[in-house]
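**Q** Residue numbering for the sequence shown follows our numbering, beginning at 1226 and increasing consecutively. Questions regarding the structure given below will be posed in turn.
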Amino acid sequence: EKVLPFSASSVDFSKLSLHHGTSRHRTFLKTSDKSYEHPGLTFFSRDMGGDNQTTVTEFLLLGLSEESEQEDVVFGLFLGMYMVTISGNLLIILAISCDPHLHTPMYFFLANLSSVDICFSSATVPKALVNHMVGSKSISYTECMAQIYFFLAFGTTDNLLLSVMAYDRYVAICHPLHYTLMMRPRLCVLLVVLSWVITNLHALLHTLLMSQLTFCSHNAVPHFYCDPYLVMKLSCFDTVINDVTALAEGGMIIMTPFVCIVVSYASICSKVLKMPFVQGIRKAMSTCGSHLTVVCLFYGAILGIYMHPSSSYSLQDAVASVIITVVTPMANPFIYSLRNRDIKGALRKIILRS
């Protein structure tokens, strides 16, 4: 793609030429009001007091590769992983719902995590799949802002639910006799509702700040979805407020649950070390192994991406974001089901019934 600043009244289409790759790789210069068309180009111009000013009305999602053959491979991988994500997480939810023995706080949080994983993956992957099938790379401004909102909301909910689950494991190991009292159903529901409220306020704040930015002629996002930090880089005005807010408020949203997880597992380790060695290791792995694996996978990718200004975004960040948005939601059902006898037993009952 190639984006050129222009004055609509002075464009000489007879002398204008651009190199094109495939039909999927089109170049757009977006502004509003009037439209000027040329093969591979679409111009929208708005006259403001005699001066032409450009405003982006849609973005181009360039994806992870510019080669057509590689795009086909990525499409196949994404489609397969998305189908596994949906089916795997739905099975987890179904198993927990149908088995009365799994109606406990730990599995209540796991069912909510699976629901969020479905929504999180669905916020980004389907649009990329549809764009590939129709041979388009465009996403409207409104769709992009909506995608940013849901990406932030569901991603942050994942983050908070992992910290809530860490607290649940801490109570189960460090205060087993008071577990039923401390993790009563009303508190569990309150923790989940509070997580949803905080994450939606967080997503709303950053989406509103993003909507206040002005995007001029540059509208190519080098990713398969509207990553908020990559979209921010396209603004033709200073984004210092967005950057400071992302580091301050966004950093607090990410780091506070992470600190809670670290403190919870530090307390668990302290408790386990006081037990007989084999018994302690067995109890810790059976109770916390699956959750700890998911935490390492999730935070291992996220901490390297969103704790720095948008100007330093790199290819490694794009790979890590794929792990967060596609790989982690797909892996969670396998991690929890393969390492959990109760889940495997519930799934076996469902299969036998069917």
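All C-beta atoms, glycine included, are put in the ideal place defined by N, C-alpha and C.
1) Which one of Leu1286, Gly1301, Phe1345 and Gly1313 has the shortest CA to CA distance from Ile1549?
2) Ignoring anything shorter than 4 residues, give me the alpha helix (DSSP H) runs that lie fully in the region 1441 to 1482, in order along the chain.
3) Could you name the residues that DSSP lists as bridge partners for Phe1363?
4) Among the candidates Asp1468, His1448, Asp1342 and Leu1385, whose CA atom is the shortest distance from the CA of Met1457?
5) How would you write the range of the alpha helix (DSSP H) that Thr1432 sits in, first residue to last?
6) Please report how far the alpha carbon of Ser1347 lies from the alpha carbon of Leu1315, in whole angstroms.
7) How should Pro1501 be labelled, buried or exposed, when 16 other C-beta atoms within 10 angstroms of its C-beta is the threshold for buried?
8) Cβ atoms of Ser1420 and Thr1382: under 7 Å apart, would you say?
9) Quick check on the DSSP output: the alpha helix (DSSP H) that includes Asp1567 runs from which residue to which?
10) Taking Cβ positions, are Cys1369 and Phe1284 nearer each other than 7 Å?
11) For Glu1291, which three-state DSSP category applies?
12) Buried or exposed for Met1435, please, with buried defined as at least 16 other CB atoms from any protein chain shown within 10 angstroms of its CB.
13) Going by DSSP in three states, Pro1501 sits in which element: helix, strand or coil?
14) In three-state terms, what does DSSP make of Ala1320?
15) Work out the CA separation of Ala1320 and Tyr1366 for me, nearest whole Å.
16) Nearest by alpha-carbon distance to Ile1317: which of Leu1335, Val1298 and Met1331 is it?
**A** In terms of the structure at hand:
1) Nearest of Leu1286, Gly1301, Phe1345 and Gly1313 to Ile1549, Cα basis: Phe1345.
2) Here the runs fully enclosed are 1453 to 1458 and 1465 to 1470.
3) Inspection of the sequence shows that residue 1363 is occupied by Ser rather than by Phe. Paired residue(s): Leu1285.
4) Asp1468
5) Pro1410 to Ser1436
6) 13 Å
7) Pro1501 is exposed by the Cβ-count criterion.
8) Yes; because the gap between Cβ atoms is below 7 Å, this pair is in contact.
9) Unbroken alpha helix (DSSP H) run through Asp1567: Arg1566 to Arg1578.
10) yes
11) coil
12) buried
13) Coil.
14) Helix.
15) 39 Å
16) Leu1335
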